[in-house]
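Numbering (my numbering), first residue to last: 25 to 158.
Backbone N, C-alpha and C fix where the C-beta goes; we use that ideal spot for every residue, glycine too.
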Amino acid sequence: MNTIRSTWVGWGTLCVAGGGAYYFAKQSINADRQARFEAEMKRKAQLKAMENDHKRQAAMTAPTPDSTDGASLKRANMTRFQNAADDVASPSAEASHDPAPTRHEPMTDDDRVLEKGKYETAQPFSPPRGNRFS
């Protein structure tokens, strides 16, 4: 029979079962997140160790400057790098180093046709003279 009491017992059992499922699912999700985090930290530490090892080896095998290079050559190389504009971080500043675009009018009609794009007209549009509303 469906009585008030059996309805309350049914809903109570359903809520307890849902709460238990939520609790265990949350535990599983948190454990998975923790395992992924630890694996990521281990991977990052391993990459950092490899990078430090590579830097240490590169520093040990770095070529020593030869005394045969003249001081003027070294000075010239330094000024070349100091005067070079490095505009990688600023595209607008980098664009200002480009030469100005130049365009010369074509001499013949054949040159004019070859210079035009596929969808450009040979002559610009000029509207017809007169009153169009009459």
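Span of the alpha helix (DSSP H) around residue i
| i | result |
| --- | --- |
| residue 48 | 28-84 |
| residue 153 | No alpha helix (DSSP H) contains residue 153, which DSSP labels as neither H nor E. |
| residue 139 | 133-139 |
Distance between residue j and residue i (C-alpha atoms, nearest Å)
| i | j | result |
| --- | --- | --- |
| residue 130 | residue 153 | 29 Å |
| residue 146 | residue 132 | 12 Å |
| residue 65 | residue 71 | 10 Å |
| residue 148 | residue 96 | 60 Å |
| residue 157 | residue 150 | 17 Å |
| residue 143 | residue 137 | 11 Å |
| residue 58 | residue 51 | 11 Å |
| residue 83 | residue 74 | 14 Å |
| residue 34 | residue 63 | 44 Å |
| residue 39 | residue 61 | 32 Å |
| residue 26 | residue 41 | 21 Å |
| residue 49 | residue 30 | 28 Å |
Chain D contact for residue i (CB, 7 Å cutoff)
| i | result |
| --- | --- |
| residue 97 | Among the chains in the structure shown there is no chain D, since it carries only a single protein chain. |
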